[in-house]
Amino acid sequence: MFMLRKIRLNTHHARFFSTEVSQKIARIGFVGLGNMGFRMCKNLMKKGFDVTVYDKNQEILKQFEKEGASCANDAKKLVSNVDCVITMIPNGPDLMSLYTPEVISSFKPRSLVIDSSTVEHTVAQDLEAKFKSVNVSFIDAPVSGGILAAEKGTLTFMVGGDEKVMNRAEPVLKAMGTTLYHCGGTGSGQVAKVCNNLILGISMAGLCEALAIGVALGLDPKILTKVINSSSGQCWSSSIYNPIPGVLPNVPSSNGYKAGFAAQMILKDLGIANKAGKNVGLALEIGKKTFEMYDAMCKSGLNEKDFSVIYEYVSQKQK
21 MFMLRKIRLN THHARFFSTE VSQKIARIGF VGLGNMGFRM CKNLMKKGFD
71 VTVYDKNQEI LKQFEKEGAS CANDAKKLVS NVDCVITMIP NGPDLMSLYT
121 PEVISSFKPR SLVIDSSTVE HTVAQDLEAK FKSVNVSFID APVSGGILAA
171 EKGTLTFMVG GDEKVMNRAE PVLKAMGTTL YHCGGTGSGQ VAKVCNNLIL
221 GISMAGLCEA LAIGVALGLD PKILTKVINS SSGQCWSSSI YNPIPGVLPN
271 VPSSNGYKAG FAAQMILKDL GIANKAGKNV GLALEIGKKT FEMYDAMCKS
321 GLNEKDFSVI YEYVSQKQK
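For the sequence shown, position 296 matches number 316 in my numbering, and the numbering has no gaps at all.
Encoded structure:
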């Protein structure tokens, strides 16, 4: 059974770990510079880490190179020249295709791999076994908080793996986040993440239905949001990531639903959750219905928009 331990990263830890960085992890490789990885990598650079980046998007690589990062032409070159590799990859198949036998054999012994992708927990377990065979440590460390927390460096990490490996990784994680939970053995971080994102998808869809009703009946969305945020319906989707354009600044809904957590990504996570439920004999009725809602929305052409665009989808369906 997985066990949970929470660590709040504070200024005391920051002072203590400033020497640990130079002794244990000086050079970091970062693979996957999408909406989240881009911001996470920026914070590593701000904290003084020597970062080498790799991504299929050449324009993003050029941007990081201008800001002082080294760029690798391929994954083999990257992993052979760093102490720690962080991956932020969209899905399990892409993650597994990155870590080919040739790439895994290119790691230096005693290197560290931190995977912050959101994938099935069995993928993390498979990777850990492969890295262990070449004397490379591995933890799964998916994140929560979205692009706002990634930008501010206040992410929450859900870590699965050996606690000693997590302790070694902590100086790196603290450069990108403020809280980490040791959830248990390898894969437990992914289990925690998929449970969280099941709630996230459901709560956003439910909130959007409620908001759509209120607006359709004449309520000012800002007033309705204030009521919800001071009542029992309050949730992260309403107070931090409100889906109605103009209610909150600096959120995707107020920027044309751009540069956030893509709808196709929450659909992927809901698929993982529903599969996990089925595997343990649970009928996730709400989870299944929510998956179907996002699936239909993505098929309507909104798959690359932020997942909060489900507000517009629901509002149109109401008409």
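For every residue, glycine included, the Cβ atom is placed at its ideal position computed from N, Cα and C.
Just to confirm, is the Cβ distance from residue i to residue j under 7 Å?
i, j, result
"methionine 186", "proline 162", "no"
"cysteine 91", "valine 102", "no"
"methionine 116", "glycine 57", "no"
"isoleucine 222", "threonine 310", "yes"
"serine 137", "valine 156", "no"
"lysine 325", "alanine 283", "yes"
"threonine 199", "threonine 176", "yes"
"isoleucine 292", "valine 235", "no"
"isoleucine 134", "isoleucine 106", "yes"
"valine 271", "threonine 245", "no"
"lysine 308", "asparagine 294", "yes"
"serine 328", "proline 241", "no"
"serine 258", "isoleucine 248", "yes"
"glycine 180", "serine 153", "no"
"serine 126", "lysine 96", "yes"
Taking buried to mean at least 16 other C-beta atoms within 10 Å of its own C-beta, is residue i buried or exposed?
i, result
"valine 211", "buried"
"valine 41", "Any reading at valine 41 must be qualified, since the residue scores a pLDDT of 38, below 50, and its modelled position is unreliable; no value is offered."
"glutamine 43", "Here the model assigns glutamine 43 a pLDDT of 40, short of 50, so the residue's position is not dependable and the matter cannot be decided."
"isoleucine 286", "buried"
"serine 320", "exposed"
"phenylalanine 36", "Any answer about phenylalanine 36 is weak, because its pLDDT of 35 lies below 50 and its placement is not dependable; what the coordinates show is given next. Per the 10 Å Cβ criterion, exposed."
"glutamate 332", "buried"
"lysine 76", "exposed"
"aspartate 289", "buried"
"proline 269", "exposed"
"glycine 238", "exposed"
"proline 191", "buried"
"valine 334", "buried"
"alanine 225", "buried"
"glutamate 148", "buried"
"lysine 82", "exposed"
"valine 99", "buried"
"leucine 64", "buried"
Give me whichever residues DSSP pairs with residue i in a beta bridge.
i, result
"glycine 106", "The sequence given here places isoleucine at residue 106; glycine does not occur at that position. Its beta-bridge partners are Phe50, Ile134."
"alanine 279", "According to DSSP, alanine 279 bridges with nothing at all."
"serine 90", "Thr72"
"serine 7", "Because the chain spans 21 through 339 in this model, residue 7 falls outside it and cannot be assessed."
"serine 344", "There is simply no residue 344 to check, as the chain begins at 21 and stops at 339 in what is shown."
"valine 163", "Phe177"
"aspartate 326", "Ala282"
Hey, residue i and residue j are a contact pair by Cβ (cut 8 Å); roughly how many whole angstroms apart?
i, j, result
"cysteine 228", "isoleucine 159", "Wrong, their Cβ atoms sit about 35 Å apart, outside the cutoff."
Please confirm whether any heavy atom of the ligand COA lies closer than 6 Å to the CB of residue i.
i, result
"alanine 296", "Absence of the ligand COA is noted for the structure shown, with no ligands found whatsoever."
| query | Enumerated in chain order, which unbroken segments of the beta strand (DSSP E) with a length of 3 residues or greater are wholly contained in the segment 171-248? | reply | The qualifying runs are 175-180, 197-204.
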